[in-house]
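**Q** In the working numbering, the protein residues as written are 1 to 202.
Just so it is clear, CB atoms sit at the ideal spot from N, CA and C, and this is done for glycine as well.
All values reported here derive from a predicted model rather than from experimental measurement.
The structure follows.
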């Protein structure tokens, strides 16, 4: 391993954090409202809407059940249209964001289901508006679960980001493929694995 490799390693670190950061931010910005929508439109809730719930749930299930490597390829046309290229960490952030939003939205919905229904009913009986129930009851009571879900999403994103190297997404995964696989440098492959494990532990 030479100076060129270590220079590439530092660059790969930056690319990994960049694409994971974008995807994680969008998971919060889009995933939380989407998870809330799925929850409040479910049967028996104060904004019950069967059509919205079924369509939203189906869309999330389709994304979550699609292997990420396949999703990478499927969204290449969308990535090209949005970013203007299919190569690099910004382009890789598109499929990463789609996968992470769907993943986190379902975790958000699960966390909301853990909120005591009695607390919600009490808020409704006191005349609280839907927005007050969401803000002061649902989000407040489910915050520990939301934070746990965000941690799980971040860990999953680091693993997904390694796969992005397959389509030229950059990052530590791309480094492992270029040096460890194509150049048969086993020490580089092992080092990148150790780095990915350490990133997950942070």
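How is residue 87 classed by DSSP in three states: helix, strand or coil?
**A** Coil at residue 87, not helix or strand.
**Q** For the ligand MG, I want to know if residue 98 counts as a neighbour, meaning its beta carbon is within less than 8 Å of at least one of the ligand's heavy atoms.
**A** With respect to the ligand MG, the structure offers nothing, as it holds no ligand at all.
**Q** Compare the Cα-Cα distances from residue 87 to each of 166, 197, 101 and report the closest residue.
**A** 166
**Q** Apply the 10 Å Cβ neighbour rule to residue 15 and answer buried if 16 or more other Cβ atoms are within range, or exposed otherwise.
**A** buried
**Q** Who are the Cβ neighbours of residue 159 in its own chain at under 8 Å, not counting the five residues just before and after it?
**A** Beyond the five residues adjoining it in sequence on each side, residue 159 comes within less than 8 Å, by CB distance, of 196, 200 in the same chain, given in chain order.
**Q** May I have the straight-line CA-CA distance separating residue 150 from residue 31, to the nearest angstrom?
**A** 10 Å
**Q** Please classify residue 111: does DSSP put it in a helix, a strand, or coil?
**A** helix
**Q** Should the stretch 91 to 109 be regarded as contacting the stretch 169 to 179, the criterion being three or more beta carbon pairs within less than 8 Å?
**A** yes
**Q** Which residues in the same chain as residue 188 place their Cβ atom closer than 6 Å to its Cβ, once the five residues preceding and following it in sequence are excluded?
**A** 179, 180, listed in sequence order.
**Q** Quick one: what's got a C-beta closer than 8 Å to residue 113's C-beta in the same chain, skipping five residues either side?
**A** 39
**Q** Between which two residues does the alpha helix (DSSP H) carrying residue 194 extend?
**A** 186 to 201
**Q** With a cut-off of 8 Å on the beta carbons, I'd call residue 175 and residue 59 a contact; round off their distance for me.
**A** So it is not a contact: roughly 33 Å between Cβ atoms.
**Q** Measuring alpha carbon to alpha carbon, tell me which of 156, 185, 164, 198 ends up nearest residue 64.
**A** 156
**Q** Counting beta carbon pairs with one atom in the stretch 98 to 113 and one in the stretch 139 to 153, are three or more of them shorter than 8 Å?
**A** yes
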